[in-house]
Amino acid sequence: MAKLAKLDDIVSLCKRRGFIFQSSEIYGGLASCYDYGPLGVELKNNVKRAWWKHVVQMRDDVVGLDCSILMHPLVWKASGHADKFADLISECKKCNTRTRVDHLKDKDGGQPDEHTEHVSIDAAAAQEHDLSTKVCPNCGAVGQFTQPMPFKLMFETQMGANAEDSMTMYLRPETAQGIFANFRNVLDSTRVKVPFGIAQIGKSFRNEVTTKAFIFRTREFEQAEVEFFCEPGTDEEWYEKWKAARFAWYTDHGIKAENLRFRDHDPDELAHYAKACVDVEYKFPFGSGDWQELEGIANRTDYDLRQHQRGMRSTTSWFENGRDLTKVKMPDEAEDYHKGPLSFFDDQKQLRYIPYVIEPSAGIDRSTLAFLVDAYDEEEVKGETRNLLRFHPSLAPTKAAVFPLVKKDGMPEIAHNIANDLKRHFTCFYDEKGAVGRRYRRQDEAGTPFCITVDGQTLEDKTVTVRERDSMDQVRITTDQLRTYLRDKLDL
RNA sequence: GCGGGCGUAGCUCAGUGGUAGAGCGUCACGUUGCCAACGUGAAUGUCGUGAGUUCAAGUCUCAUCGCCCGCUCCA
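So for the first sequence, the working numbering puts the first residue at 202; every next one is plus one.
Pasting the structure below:
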């Protein structure tokens, strides 16, 4: 089995077949932004649909949500993003290595500053940092640093048409916070009980310091996240269950098991609120053939809900400080925080607590790319190379193509009718141009699982051939059984 | 942000200062009874963008944008 060796080949395939284009290409392109073409949008929608089906539709314990991208700025204060996402970076003049200022060690062996509380953006700009005694972790040079530069990792925008009265807002850097902010609403409106999850698919935005590898790391990207709320003490069990469920989802949808793995995070690699975290990684054909993250599954403990309970009490400070996020002080946590507004009361156990959260967070663009790469194949057929995409039927952009074998004897009309009938149930493509062999191969390259051909025999006994993409085998099916046959094979 | 490479037709690429090219693909017509067939014909380029040098720039210089690789950074 031949396999794509280089990212360039994938980019080329994506453009040639209309999966993915560079954004604003006619203007020279815009870094890190990509558009999904006609086949790409079908594929991506199918990935999202497959995720939703397995995470929401087929489960009794997860409900869906779709939050606004813009949220109250205090959300990002409470979540920690407003502070954390303004790291100070300095660059060593000798070796050009960039390091976070708060990670720099002193030449006298002094430890780096604590960075649990990060500098605010404005304060960072104004703050004087003495780096004259700091050591470059890369080359060891002392005091050879540029002025610290703050990195705003959240996109800012203005809300309010009146320029003088507008408020700085953030495009969400993750969908998760919208879920936490609606935890109470969902509890009160849906009769769910812990353990349960809330799922969401949507765009997020991060001003990454560097982007990477096609659609793998972009500044605008789509996430599919579950926040699964469970009783403290049961979190490790749920963590393991979600690990297994999420891994299986990828392999069940066609990712080859040898290209997929878990990578546990080291304890010192964990975010300060996370108790455990594992990545689901795919062996992408870029970089040094590197394993790259598709999804992170984290045990976020009760951190987020507790933070928002604090944040909820900061609105007065927000108004008193002229809506200046940098001046807002987060209130101390209440001693009886576990009884707070974002707690859960277990009727049966007569127990009130802040739930722990297991968070499977998947990158939709990344997994779409992985499904694309993993499906790609070339094989020799009678001395010719056949290019095909072996998509799982549920992900295939087009489910079936319908052809008249030749353009005469009423075959096009019959084929048209079949295609129109099937279109009511799934995406279906009609083609009557050129030799049928060429039409088959074109569909192979688009990943269409089935081709239906109307031929002379159809005129006599109302059967058509159904040609299967992977094996190229054909079977004859009567036209009135065709829909049932395909729905069964497509697992729709 | 640093270093390296690249940017010419939809795709892959050739083109070392003198008329813009090939293969594949696409489209049309004919032919065609099952796997990229054949014949004939056709369309498609601000040579990434902008300046400069030159009688003349795809080609040389500078800037800029974008992509890839490696660092770095980062969930």
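C-beta atoms are modelled at their ideal positions from N, C-alpha and C, and glycine is treated no differently. Note that the structure is a prediction, hence the values are computed from the model and not measured.
Local conformation of residue i per DSSP, three classes
i	result
N247	helix
R511	helix
N363	coil
Y577	strand
A203	Residue confidence for A203 is low, a pLDDT of 39 falling below 50, so the modelled location carries little weight and cannot support an answer.
Y237	strand
Y686	helix
V529	coil
Y554	strand
E459	helix
F415	coil
I615	helix
S321	Note that S321 scores a pLDDT of 47, beneath 50, so its modelled location is shaky; the value from the coordinates is reported in the next line. In this structure, S321 counts as coil in the three-state DSSP scheme.
V256	helix
V336	strand
V343	strand
L271	strand
Under 9 Å between C-beta atoms of residue i and residue j
i	j	result
R447	P561	yes
W443	I498	yes
E470	V481	no
E423	K245	yes
I565	W252	yes
W492	Y504	no
D632	V603	yes
I615	L660	yes
R642	R591	no
V257	A400	yes
S544	M531	no
Where the alpha helix (DSSP H) through residue i begins and ends
i	result
E717	The question about residue 717 has no answer here: the residues shown for the chain are numbered 202 through 693.
T452	436 to 453
S405	Premise fails: S405 lies in the beta strand (DSSP E), 397 to 406, not in any alpha helix (DSSP H).
T516	516 to 521
Q378	377 to 382
R639	637 to 647
D209	208 to 217
K278	274 to 280
Boundaries of the beta strand (DSSP E) in which residue i is found, first to last residue
i	result
A563	557 to 564
L495	492 to 502
A425	421 to 431
V676	675 to 679
F630	629 to 631
Beta-bridge pairing of residue i - partner residues as DSSP gives them
i	result
R464	D480
I653	V603, V667
G265	A400
E357	Y371
N588	E579
F546	R553
I221	Y237
Given residue i as reference, the closest of the options once Cα atoms are compared
i	options	result
R217	Y483, P396, L240	L240
A279	V248, E521, L388, Q508	Q508
Q359	P374, C431, P274	P274
A647	E375, V637, P598	P598
D236	T569, Q658, R591	T569
S367	D525, D674, V558	D525
D610	V655, L214, L596	V655
E426	A377, S225, F381	A377
L271	V395, E243, R250, F406	F406
F356	L208, E409, I399	E409
V264	C652, V393, V343, C629	V393
E536	Q551, G229, Y557, Q510	Q510
S672	P650, L683, H626	P650
G403	L266, D575, D262	L266
K353	R373, T334, C431	R373
P605	V667, E441, E579, F381	V667
A576	V387, A458, F627, V676	A458
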